[in-house]
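As you go down the protein sequences, you meet chains A and B in turn. Throughout, the working numbering is defined as the position within the first sequence, counted from one, plus 10. Throughout, the working numbering is defined as the position within the second sequence, counted from one, plus 30. Quick reminder that beta carbons are idealized off the backbone N, C-alpha and C, glycines included.
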Amino acid sequence: EAEVAQSPRYKITEKSQAVAFWCDPISGHATLYWYRQILGQGPELLVQFQDESVVDDSQLPKDRFSAERLKGVDSTLKIQPAELGDSAMYLCASSLGSGLYNEQFFGPGTRLTVL
Amino acid sequence: GENVEQHPSTLSVQEGDSAVIKCTYSDSASNYFPWYKQELGKRPQLIIDIRSNVGEKKDQRIAVTLNKTAKHFSLHITETQPEDSAVYFCAASSGQLIWGAGTKLIIKP
């Protein structure tokens, strides 16, 4: 069964350093999402792509976060510089389309710890 | 902004008993309500969803009810089993999924 892939699974970094996370969605899924999940809370959408275009990045802290999906397939989320408050699980999800009823399939996540 | 509140944050039930998790939402335009299950160390997975034109949906031991007037929806799990232990998230969408904070369900043997 096809799954969303993410790497790395765990990342420890010091504050002010740069980090990058990678996501490979399920083949054929046009819509890709990056979420941040703080321990004890639900996922919070950071950015949504439709193919290679950003359709929603209203919650993305653009002064330090950037995301790209250059060929409309895999995606990279970058944080520079990392801050202590960025410690969280970063989840990638994909869906066939952006329609309301499209099920989102999640990757295993990248757990980021900023020291 | 849009908000989804979920209660309780932790729920402990005896194996075989029923569990109910409740959510309320603020955006009256929401018309899609999925529930996700996240087992420890694993990814969230969709277990059931309901659309606004339906008041109730059932799938074996799980069911979801929706009251659009009151803007709340609930997840019901009957005959709970050890493998039901997980964190359950509700969400509401009128275009973007807004998630609840999650309920940790503990099934006591």
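Within-8 Å CB hit, residue i to chain B
{"i": "L55 of chain A", "result": "yes"}
{"i": "E11 of chain A", "result": "no"}
{"i": "G82 of chain A", "result": "no"}
{"i": "Q60 of chain A", "result": "no"}
Alpha-carbon spacing of residue i relative to residue j, whole angstroms
{"i": "D67 of chain A", "j": "V57 of chain A", "result": "4 Å"}
{"i": "Q114 of chain A", "j": "L76 of chain B", "result": "8 Å"}
{"i": "I128 of chain B", "j": "K138 of chain B", "result": "30 Å"}
{"i": "G95 of chain A", "j": "V124 of chain A", "result": "8 Å"}
{"i": "V84 of chain B", "j": "S58 of chain B", "result": "15 Å"}
{"i": "M99 of chain A", "j": "T54 of chain B", "result": "25 Å"}
{"i": "K50 of chain B", "j": "V43 of chain B", "result": "Here the sequence assigns Val to residue 50 of chain B, which means Lys is not the residue at that position. Between V50 of chain B and V43 of chain B, the C-alpha separation is close to 10 Å."}
{"i": "P91 of chain A", "j": "K72 of chain A", "result": "11 Å"}
{"i": "C33 of chain A", "j": "R74 of chain A", "result": "19 Å"}
{"i": "E35 of chain B", "j": "F103 of chain B", "result": "10 Å"}
{"i": "Y43 of chain A", "j": "F59 of chain A", "result": "6 Å"}
{"i": "W65 of chain B", "j": "K81 of chain A", "result": "31 Å"}
{"i": "K52 of chain B", "j": "D84 of chain A", "result": "36 Å"}
{"i": "E54 of chain A", "j": "A77 of chain A", "result": "15 Å"}
{"i": "P200 of chain A", "j": "Q16 of chain A", "result": "Since the first residue of chain A shown is 11 and the last is 125, residue 200 of chain A is not available in this structure."}
{"i": "I78 of chain B", "j": "I92 of chain B", "result": "8 Å"}
{"i": "T110 of chain B", "j": "K88 of chain B", "result": "15 Å"}
Cβ of residue i within 8 Å of any chain A Cβ
{"i": "W65 of chain B", "result": "no"}
{"i": "L41 of chain B", "result": "no"}
{"i": "L96 of chain B", "result": "no"}
{"i": "L105 of chain B", "result": "no"}
{"i": "Q111 of chain B", "result": "no"}
{"i": "A131 of chain B", "result": "yes"}
{"i": "G125 of chain B", "result": "yes"}
{"i": "L135 of chain B", "result": "no"}
Buried versus exposed call for residue i [16 or more other C-beta atoms within 10 Å across all chains shown]
{"i": "S105 of chain A", "result": "buried"}
{"i": "Y45 of chain A", "result": "buried"}
{"i": "D114 of chain B", "result": "buried"}
{"i": "S26 of chain A", "result": "exposed"}
{"i": "T133 of chain B", "result": "buried"}
{"i": "P74 of chain B", "result": "buried"}
{"i": "L49 of chain A", "result": "exposed"}
{"i": "K67 of chain B", "result": "buried"}
{"i": "A121 of chain B", "result": "buried"}
{"i": "A28 of chain A", "result": "exposed"}
{"i": "L70 of chain B", "result": "exposed"}
Helix, strand or coil at residue i [DSSP, three-state]
{"i": "E109 of chain B", "result": "coil"}
{"i": "L94 of chain A", "result": "helix"}
{"i": "D114 of chain B", "result": "helix"}
{"i": "D79 of chain B", "result": "strand"}
{"i": "K72 of chain A", "result": "coil"}
{"i": "D66 of chain A", "result": "strand"}
{"i": "A12 of chain A", "result": "coil"}
{"i": "A121 of chain B", "result": "strand"}
{"i": "D34 of chain A", "result": "strand"}
For residue i: DSSP bridge partner residues
{"i": "V34 of chain B", "result": "B:Y55"}
{"i": "Y45 of chain A", "result": "A:L55, A:L101"}
{"i": "H102 of chain B", "result": "B:T54, B:N97"}
{"i": "E86 of chain B", "result": "B:T95"}
Check your understanding: Between the segment 50–81 of chain B and chain C, which residues of the former have CB atoms less than 9 Å from a CB of the latter, in chain order?
Key -> Absent from the structure: chain C. Protein chains present are A and B.
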